[in-house]
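Below is one structure, written out as structure tokens; the observations come after it.
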Amino acid sequence: MENLEKILKEHPFLEGMSADHLKILVGCASNVVFKAGEMIIREGQPAEQFFFIRHGRVQIETHVPQKGPLLIHTRGEGEVFGWSWMVPPYRWRFDARASELVRMIAMDGKCLRDKCEKDHNLGYEIMKRFSLIIAERLEATRLQLMDIYGNPKDK
Amino acid sequence: MHDTADAMIFRPSLIRRVIKESHDTFSLEIEPATPDRLFHFAPGQFNMLYVYGVGEVPISISGDPTQPKVLIHTTREVGTVTRAMRGLKVGSTIGVRGPYGASWPVDKITGNDVVLVTGGIGLAPLRPVIYYLLANREKYGNIVLLYGARTPEDILFRKDLEKWRSRFDFEAYLTVDRATGSWKGNVGVVTQLIKRSPFDPLHCAALVCGPEIMMRFTVLELEKRGVRHENIYLSMERNMKCGIGLCGHCQLGGSFVCKDGPVYRYDEIIDVLMKREL
Numbered sequence: 001m002e003n004l005e006k007i008l009k010e011h012p013f014l015e016g017m018s019a020d021h022l023k024i025l026v027g028c029a030s031n032v033v034f035k036a037g038e039m040i041i042r043e044g045q046p047a048e049q050f051f052f053i054r055h056g057r058v059q060i061e062t063h064v065p066q067k068g069p070l071l072i073h074t075r076g077e078g079e080v081f082g083w084s085w086m087v088p089p090y091r092w093r094f095d096a097r098a099s100e101l102v103r104m105i106a107m108d109g110k111c112l113r114d115k116c117e118k119d120h121n122l123g124y125e126i127m128k129r130f131s132l133i134i135a136e137r138l139e140a141t142r143l144q145l146m147d148i149y150g151n152p153k154d155k
Numbered sequence: 001m002h003d004t005a006d007a008m009i010f011r012p013s014l015i016r017r018v019i020k021e022s023h024d025t026f027s028l029e030i031e032p033a034t035p036d037r038l039f040h041f042a043p044g045q046f047n048m049l050y051v052y053g054v055g056e057v058p059i060s061i062s063g064d065p066t067q068p069k070v071l072i073h074t075t076r077e078v079g080t081v082t083r084a085m086r087g088l089k090v091g092s093t094i095g096v097r098g099p100y101g102a103s104w105p106v107d108k109i110t111g112n113d114v115v116l117v118t119g120g121i122g123l124a125p126l127r128p129v130i131y132y133l134l135a136n137r138e139k140y141g142n143i144v145l146l147y148g149a150r151t152p153e154d155i156l157f158r159k160d161l162e163k164w165r166s167r168f169d170f171e172a173y174l175t176v177d178r179a180t181g182s183w184k185g186n187v188g189v190v191t192q193l194i195k196r197s198p199f200d201p202l203h204c205a206a207l208v209c210g211p212e213i214m215m216r217f218t219v220l221e222l223e224k225r226g227v228r229h230e231n232i233y234l235s236m237e238r239n240m241k242c243g244i245g246l247c248g249h250c251q252l253g254g255s256f257v258c259k260d261g262p263v264y265r266y267d268e269i270i271d272v273l274m275k276r277e278l
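First to last, the protein sequences are chains A and B.
Residues 1 to 155 (the numbering used here) make up the first sequence, in order.
Residues 1 to 278 (the numbering used here) make up the second sequence, in order.
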């Protein structure tokens, strides 16, 4: 637990979080490891966690029938992924797979959701941080959609 | 300062090699028609290349500034001239005039970390500065390349990238906008690599080259890291024709990209960069 507390305290995502709130978060945290190629989450399954990546790279993808996985983006060391646990109906919208050995801290989103309902200050702190991530992902997706490196003659 | 008449005269030069970089991008290795004429240039400058009987286009130099016997240009087939250029064979003649424009500030930024952010074919104008920085490695702090390509198949200069990535004194991070399952690298836009890159924002110079939209978002991410505007340099692209600031085709506010650019310090063009009319 002490180790988890240290890791979470130093994570940029949680910078500025009060000691009390950090303690609550530590209570919802656990270490997880995934081997290369292993599925971490699956589209449609209950979304009950989010993750702090400590080592390795995670592929966010969707399955295209008769074609296989379509890679949407990757997340790496120091990043956070998974926010379907905050959004009803709390089911994963995409798949995530370890593209290499991945070590992460998994946060129990269901437990945290309940705690945020009871402590709105904690809820606000979490929401502030996730809204930044959501805005970043939206901006990145827009840039990807613009296809800015495409050849002008093909447009 | 160019003598106007001289600056407009093409030097007939010979194609030594045509290198396919990707499905639509190629490099030309050019040598002077007479061996006594060398191609001296500063990293970031461009030449006007003339395909005889077809037309001329401005193309940035992508070769090594310490190797003036051979000139390398990398471009993409986008129009009539570049299509004709791609069809040139070894031994064909091509007209070269230049070099033109402001270069990357390699002397001014010594002692600093250097972060190079580029996307798509923007790696071509940055390659000479990478060669220069590595040839003068002791003068700089961390050197970090952040490169975004459209797909894995569009990644340019693979051999160079492999060589650079194998060095202990150079950090290179690649990402692609889209990929299939067989790609094991990063997927996502290049701006997202900035957040965790190993450079000191207070003592760094950022050299940025790519589509203008990408450069605008890159600047926002560099700002978030705390990089000051005066330490950010952008390579701009406009419709350059004469190369010497006479014709006015490439006017950007009060400057001419061919003469005052293409490399600008960000704080010097911040006002015109966001003007939609320019």
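Note that CB positions come from ideal geometry on N, CA and C, so glycine has one too.
Model, not experiment: these values are computed from the prediction.
Pop quiz: F94 of chain A and I148 of chain A are said to be a contact at Cβ under 8 Å. What is the actual Cβ separation, rounded to whole angstroms? Actually they are not in contact, since the Cβ atoms of F94 of chain A and I148 of chain A sit about 23 Å apart, beyond 8 Å.
Is there at least one Cβ from chain A nearer than 8 Å to M215 of chain B's Cβ? no
Top-ranked residue by Cα proximity to P152 of chain A, from B:P211, B:I94, B:N142 and B:S166: B:P211
Here's a check: name, in chain order, each residue in its chain whose Cβ is nearer than 6 Å to the Cβ of L126 of chain B, leaving out the five neighbours to either side. L116, T118 and C209
Contact set for K163 of chain B: own chain, Cβ-Cβ below 6 Å, skip 5 residues either direction: none
Got a sec? Which residues, its chain only, sit under 6 Å from R16 of chain B by beta carbon, not counting five neighbours each side? E29 and E31
Cβ contact check for the region 61-70 of chain A and the region 116-131 of chain A: 3 or more pairs under 8 Å: no
Whole runs of the beta strand (DSSP E) within the region 181-248 of chain B, excluding any shorter than 3 residues: 204-209 and 232-235
Using a C-beta to C-beta distance shorter than 7 Å, which residues of chain B count as neighbours of I99 of chain A? Rather than Ile, the amino acid found at residue 99 of chain A in this sequence is Ser. Within 7 Å Cβ-Cβ: K184.
How would you label R276 of chain B, buried or exposed, when you count the other beta carbons within 10 angstroms and need 16 or more for buried? exposed
Looking only at C-alpha atoms, which of B:Y147, B:V106, B:H73 and B:G245 sits nearest to L133 of chain B? B:V106
Using C-beta distances below 6 Å, list every residue in its chain close to M1 of chain B, excluding the 5 sequence neighbours before and after it, in chain order. Because the pLDDT at M1 of chain B is just 48, under 50, the model does not fix this residue reliably, and the point stays unresolved.
What is the C-beta distance between Q45 of chain A and W92 of chain A, in whole angstroms, given that I count them as a contact (C-beta under 8 Å)? 5 Å
Does DSSP classify T66 of chain B as helix, strand or coil? coil
Neighbouring residues, chain B, relative to G82 of chain A (Cβ below 8 Å): Simply none; closest approach about 16 Å.
Kindly indicate if chain A contains any beta-carbon less than 8 Å away from that of G119 of chain B. yes
Buried or exposed (CB count within 10 angstroms, at least 16 for buried), I194 of chain B: buried
Do three or more CB pairs link the region 123-132 of chain A to the region 170-178 of chain B at distances below 8 Å? no
Which of the three DSSP states, helix, strand or coil, is assigned to E125 of chain A? helix
Grab the span of the alpha helix (DSSP H) containing V106 of chain B for me, first residue to last. It is not in any alpha helix (DSSP H) - V106 of chain B carries neither H nor E in the DSSP assignment.
Report yes or no: is there a C-beta of chain B within less than 8 Å of the C-beta of G76 of chain A? yes
Contacts of G150 of chain A in chain B (Cβ-Cβ under 8 Å): R150
Would you verify that the beta carbon of M17 of chain A is, or is not, closer than 8 Å to some beta carbon of chain B? no
Would you say M1 of chain B faces chain A, with C-beta separation under 8 Å as the test? Residue placement at M1 of chain B cannot be trusted, given a pLDDT of 48 that sits under 50; what the coordinates show is reported in the next sentence. No - not a single Cβ of chain A is within 8 Å of the one on M1 of chain B.
Minimum Cβ-Cβ distance from K35 of chain A to chain B less than 8 Å: no
If you draw a straight line from the C-alpha of P99 of chain B to the C-alpha of G245 of chain B, how long is it? 13 Å
To which residues of the same chain is R42 of chain A closer than 8 Å at the C-beta, ignoring the five residues directly before and after it? W92 and D95
Check whether the Cβ of M107 of chain A lies closer than 8 Å to any Cβ atom in chain B. no
Could you work out which residue in B:Y264, B:H73, B:S92 and B:M8 is closest to A33 of chain B when comparing CA atoms only? B:S92
Any chain B beta carbon closer than 8 Å to K153 of chain A: yes
Taking 8 Å as the threshold (C-beta atoms), are G109 of chain A and F50 of chain A in contact? yes
Run of the alpha helix (DSSP H) containing Y132 of chain B, from where it starts to where it stops: L123 to A135
Proximal residues of chain B, C-beta to C-beta of M146 of chain A below 7 Å: I213
How would you label A135 of chain B, buried or exposed, when you count the other beta carbons within 10 angstroms and need 16 or more for buried? exposed
Can you have a look at L109 of chain B and say buried or exposed, based on whether 16 or more other CB atoms are within 10 angstroms of its CB? Note that residue 109 of chain B corresponds to Ile in the displayed sequence, not to Leu. The residue in question, I109 of chain B, is buried, as its Cβ has 16 or more Cβ neighbours within 10 Å.
Cβ contact (3+ pairs, closer than 8 Å) linking the region 223-230 of chain B and the region 262-271 of chain B: yes
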